[in-house]
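Residue numbers (the numbering used here), protein chains in the order written: chain A, 15 to 385; chain B, 33 to 1127.
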Ligand SMILES: Nc1ncnc2c1ncn2[C@@H]1O[C@H](COP(=O)(O)OP(=O)(O)O)[C@@H](O)[C@H]1O
Ligand SMILES: Nc1ncnc2c1ncn2[C@@H]1O[C@H](COP(=O)(O)OP(=O)(O)O)[C@@H](O)[C@H]1O
Ligand SMILES: [Mg+2]
Ligand SMILES: [Mg+2]
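Set out below in structure tokens:
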């Protein structure tokens, strides 16, 4: 318990918290968001959707199981900053290969600990997600606030290029190959291709900038649009690609950002939620069956589609297939005349419950011509 | 989809008396269930033999039957009430077993009663360990290797291939009754023997030991649409091998990655589906191999359990309430989450704090019991604490448990590292402190892990506490940063003081002067994602407090902390009633308590709930926090038992208003000298007594007043440390031990009154009028603790004159002491002289019993009187009867009998003889027009089988009892019992014309003489009732083997002549036949009428 270096956190609206340095020293900025998951911090940190966000863990004791080399969702930690009340100094897990703190330091992630994370969370809940800065370099809130105000805003941010793979790569099917899917990487998590591969899908992960021809040349019998960071309103490229795919009636499955892309391709608007959904305990109802799935969420934006009955779009009828029972936010879209559907939440989980894994089977059925 | 329209009335079965393994948590769950079912407009019929519960209050059901939970009694109730459905999943194993019995005997079908919330096959699949294991394996889960055995021979064979040690576990029992860890054949014989006996299906399971693995629990819920949610994960700090009920447990699970957690969750969900728990809650236990994560399923409980009570309090998700709604057809998404109001119950709570539960044991009361913790639950209660990290929650929990030596400490450690490490090896009450001190003295975490199997992460949390302690101790001076750090790690002012060598007050004043005060966070089920509408708070030394401003005046009610022998849910009952009564007249009620099992810690019982330890520091901070946000009228210390009472003076000294009886008055009653003066002034007698601080003084007193004397420390509850002493040696020995009990108070030496009738009185006094709430006559003579002896109301042998004398005496005491509110007095009447044994200026253990027997809300009325109402006003208001009271019960009023329930079956080798030290964990009530019938009901409610109506009675009584037993035994014989007796007893009986066969005492048997002796006869089940009054002194009185054999075989064993008399009346009543049932509501109506007639 050596007295550690002090750190400072300042929100865009001026509220400041004094704590201890966590991970790397220095200064960082991003959008302050809170995640209520009690497990899976390693998956959270390495989820590209958190790019440019400073994640506040509401669970007070984090790092207990250290980090391992199996649970990463991507090659690196993406969060731009990390806020934990009580980071663990030891790791207890037969799979652990190192400590969280070392990993944060090694990847130069600036964090802060020892602050009233619940107070910060409630503030964001009331005031909405906002920019934040964390610094070990200044103890002066005013100085840091100025730099926070200069940092870029999340609304209008186009971050796809930062997270998408530079070159295409293939995740081979497990066992016999039954289908080929082109997965547009807008910030894809490692678990997603894995779950498709387990279902006999050969997954060609393509850069976000891919064209319809790239998709066709891999001989895809289905196209997947992944999750990812940023404001969907800036994703003109992927939206255009989605439209071309829909025109060809190629089976489509989208997750999270992919759901917003589908929404925009259909002509719906997207909007920023006050403070988003981030956690692994969210009740989502499948409106067809009435069944409730406990699901993993990580989204700050949502699709603005009508909840009352199907809407007609240039690609035919579309219905809202899933809603979040907490706030009736649109959590899924399903086209009735074209083989396409998407969800705003995370059936690939990691972290989170596996209740929604059936959606990957649904995708397979679509590719088999089923509806 | 709305609830089912075809169900209009529901029968709810409660869990009966508080016993180890099935305690107050089922009061909480049953009460919630009754509440919601009635709110849904259903007619609720309840059967539960336990009068101490909130659940059995007439206002929580339409028809409340405080009757034995036996198939035939329940059938009578069903025949009378004709409910549409039966809800058995909220009354623990007792209710579940009763429901199965009713199903199998065809009663449910006969009266066309539908079982809701569970179906019998699902219960079988969940509870029958053999079926269950098969199911788990089918769905690809792993279980520990095992074998099902129905005979001892099977057991031996099975243990042979499984290899020792093996775990023995009977089917269909709870709290591990009859289970244990067998290290060799001898153990196996003993454990499996009682195991086979304990299981209703004479089936035990032998299982490969996976002792030392990590142990987890999941609380799940499922609705009829097959939506499943996991409410809470619980991790046991004590690894496999220590019953979860005896383990320190933590929520949420702290040492699982998401992958392992989700695998556990998937498996849990697959199990609840495969078992087919169609709606409601269930608890599934898992073990994880720390070396490779191998996941093994231990068991499931297809019902609301102790852990679900803990999970409900830990998460704010009211499992029982929701389970009841699901049972009548709602789905999770149709039920709102009370706390957020805006979101549905179909979600999984997220915690932004940690919860620690610490069990409370009572080994000090059973010196002969083996204190090693094993697979068989031994704790009698528990305390829970909430904090923002484990060090904070753990230290709060340890002080919540209210054992002076439970909290971590860093000075005057008598043992060296080696000794401490060794002591930590064996699981026992207080092991965690041994671990802390061993590490403080230098034992490494690695080493402690090797000896205890406690996960290294938890061990590090303890090291952190030790490191902070070192910083506090070594600091040149305490700067704010350091104090704050200590507070954030759960250090109490007392611990800070100890480390700095100053007084607690000094430490507190320094802290407060530096402005270091706790803030209060909210348990909101969602980690702050949504606003919470229920003020369910816990303290932490964080930045922002969430206590809301308030305009109404607040009353703070101090609860009674963890259940323990001598201070059980009876006190919670009074606290809850006070909350209800004061809420009703416009106060904002603020509850402070730390017992997760109880109704008082439901977030909707009071206006505000603070889940906090009941220490001076924690209470003062709560009061201060509430004073910040609005007017606080005062604190109620009278209802929670000795715990809050002990704080009264200190609270007052700290400037906190104490409502009701003043601390000074409390002192008058509690302090012997002062109380003696009060009695003298009132012209009342106490047994001759004196006060001693040394053996010499004690001897002097004893010589003067004469042996036997009764010795005890002052300021105790439940007769703690109280003994009957017959000679100098015993006296010397006692004084030697007594000092540990309560150092700051002297030892009291009383003349012990032989053959005195004990009378327990509860009363309310408003300063002018006395309301004699109840006069209870004990069945056992004085000398057996009031908490352990059966008693009757109205008193069966006291006449009006006696009662009037008691009324006058009670009023004189109430007046002399200066009581405002409740007063409990214990009298002993010996040869027509009335002695005062003690007066307790507080709610007593008997308040709920009295309230139900007299159909009067005594605790509510008392709470009002404390706040200034007069008895006359309450009579006018209708809260109290217009005229008369518990002392003027109508002539033909039904008689209620309270019987104590003792845990001897749990503690192998403990003598069952009753004495002045309380040993019972719970109580039951039997009510009927005749004393005999009421008594018989109380017996069957308390002990499986109850009184026999035929067969063989074995009699062996002390010489002093020989005269008085002749008549009742003769009666037994006339009633058709065969009488066998030990030589001396038999002789007396024969001379008096009672044919009695002689049975040799155990030790009289020489060689392998085939003719069975007493013990053999009891064990081979050919004795149906035992009458054995012990004589001699010491821990193992004569006849010890007889009584322990009786316990092993579950044969009713009567140890007092008075008990014998009552039993004979009971047996006669049973033989006379037709035992009817009556609801408390009917009882109240009868009394109403009779009282009216008396006008
Ligand atoms: N195979 C085993 N090896 C070691 N300990 C065990 C084993 N099975 C159970 N236990 C311990 O015994 C306790 C009680 O067992 P359990 O199956 O939960 O019975 P109960 O119905 O009494 O809860 C568990 O909490 C666990 O600590
Ligand atoms: N002088 C006495 N003679 C006989 N029995 C006594 C005497 N004093 C106390 N007792 C017995 O001891 C029991 C416990 O004593 P009590 O004063 O009630 O202690 P507690 O505070 O634990 O209730 C009483 O219920 C009574 O049966
Ligand atoms: Mg168990
Ligand atoms: Mg008493």
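We treat Cβ as the ideally placed atom computed from N, Cα and C, and that holds for glycine.
Asked                                                                                                                                      : Found
Sequence-distant residues of its chain with Cβ nearer than 6 Å to residue 119 of chain A (five each side left out)                         : 37, 38
Helix, strand or coil at residue 1005 of chain B according to DSSP, with G and I counted as helix                                          : helix
Separation of residue 1094 of chain B from residue 836 of chain B, as counted between CA atoms                                             : 25 Å
Inter-residue spacing [alpha-carbon to alpha-carbon] between residue 279 of chain A and residue 520 of chain B                             : 52 Å
Whole beta strand (DSSP E) elements within the stretch 409-439 of chain B, 3-residue minimum                                               : 413-419
Top-ranked residue by Cα proximity to residue 144 of chain A, from A/127, A/166, A/151, A/131                                              : A/166
Inter-residue spacing [alpha-carbon to alpha-carbon] between residue 322 of chain B and residue 299 of chain B                             : 18 Å
C-beta neighbour in chain B for residue 326 of chain A, strict 8 Å                                                                         : no
C-beta contact flag for residue 869 of chain B and residue 861 of chain B at 8 Å                                                           : no
Inter-residue spacing [alpha-carbon to alpha-carbon] between residue 105 of chain B and residue 177 of chain B                             : 41 Å
Of the residues A/358, A/142, A/190, the one placed nearest residue 287 of chain A, counting alpha carbons only                            : A/142
Contact set between the stretch 330-364 of chain A and chain B, restricted to residues whose Cβ is under 9 Å from the partner              : 339, 340, 341, 363, 364
Cβ-based neighbour list, residue 775 of chain B, same chain, cut-off 7 Å, excluding 5 preceding and 5 following                            : At residue 775 of chain B, the pLDDT of 49 sits below 50, so the modelled position is not reliable and the matter cannot be decided from this model.
Test: residue 375 of chain A CB closer than 8 Å to a CB of chain B                                                                         : no
Exposure label - residue 124 of chain B; buried when at least 16 CB within 10 Å                                                            : buried
For residue 357 of chain A and residue 192 of chain A, the rounded distance between their alpha carbons                                    : 23 Å
Length-filtered (3 minimum) beta strand (DSSP E) runs lying within the stretch 25-73 of chain A                                            : 30-37, 41-49, 67-71
Which residues DSSP lists as bridging residue 808 of chain B, in chain order                                                               : B/792
Closer than 7 Å: residue 783 of chain B CB and nearest ligand 2 heavy atom                                                                 : yes
Residue 242 of chain B Cβ short of 7 Å to ligand 1 heavy atom set                                                                          : yes
Residue 27 of chain A at chain B interface by Cβ criterion, 8 Å                                                                            : no
Spatially closest choice to residue 1175 of chain B from B/498, B/625, B/122, B/696, by CA coordinates                                     : For residue 1175 of chain B there is no data in the structure shown, the boundaries of chain B being 33 and 1127.
Residue 211 of chain B CB to nearest heavy atom of ligand 1 below 7 Å                                                                      : yes
Whole-Å CB distance - residue 309 of chain A paired with residue 225 of chain A, under 8 Å assumed                                         : In fact, because the Cβ distance is near 32 Å, the residues do not count as touching under 8 Å.
Nearest-angstrom Cα separation, counted from residue 289 of chain A out to residue 562 of chain B                                          : 11 Å
Cut-off 8 Å between Cβ atoms - residues of its own chain near residue 925 of chain B, not counting five sequence neighbours on either side : 826, 1118, 1119, 1122
Cutoff 7 Å; reference residue 102 of chain B; Cβ partners in own chain excluding five residues on either side                              : 972
Residue 799 of chain B CB to nearest heavy atom of ligand 1 below 7 Å                                                                      : no
CB contact check: residue 256 of chain A to chain B, cutoff 8 Å                                                                            : no
CB contact flag (residue 1073 of chain B, residue 946 of chain B, <8 Å)                                                                    : no
Selection of the stretch 374-387 of chain B by Cβ proximity to chain A, strictly under 8 Å                                                 : 374, 375, 376, 378, 379, 380, 381, 382, 383, 384, 385, 386
Ligand 3 heavy atom lying under 7 Å from the CB of residue 281 of chain B                                                                  : no
Residue 658 of chain B versus residue 602 of chain B: straight-line alpha-carbon distance, rounded                                         : 27 Å
Near-chain A residues of the stretch 306-330 of chain B (beta-carbon distance less than 8 Å), N- to C-terminal order                       : 322, 323, 324, 325
Cβ pair count under 8 Å reaching 3, the stretch 540-550 of chain B against the stretch 384-395 of chain B                                  : no
Alpha carbon of residue 550 of chain B to alpha carbon of residue 688 of chain B, nearest angstrom                                         : 18 Å
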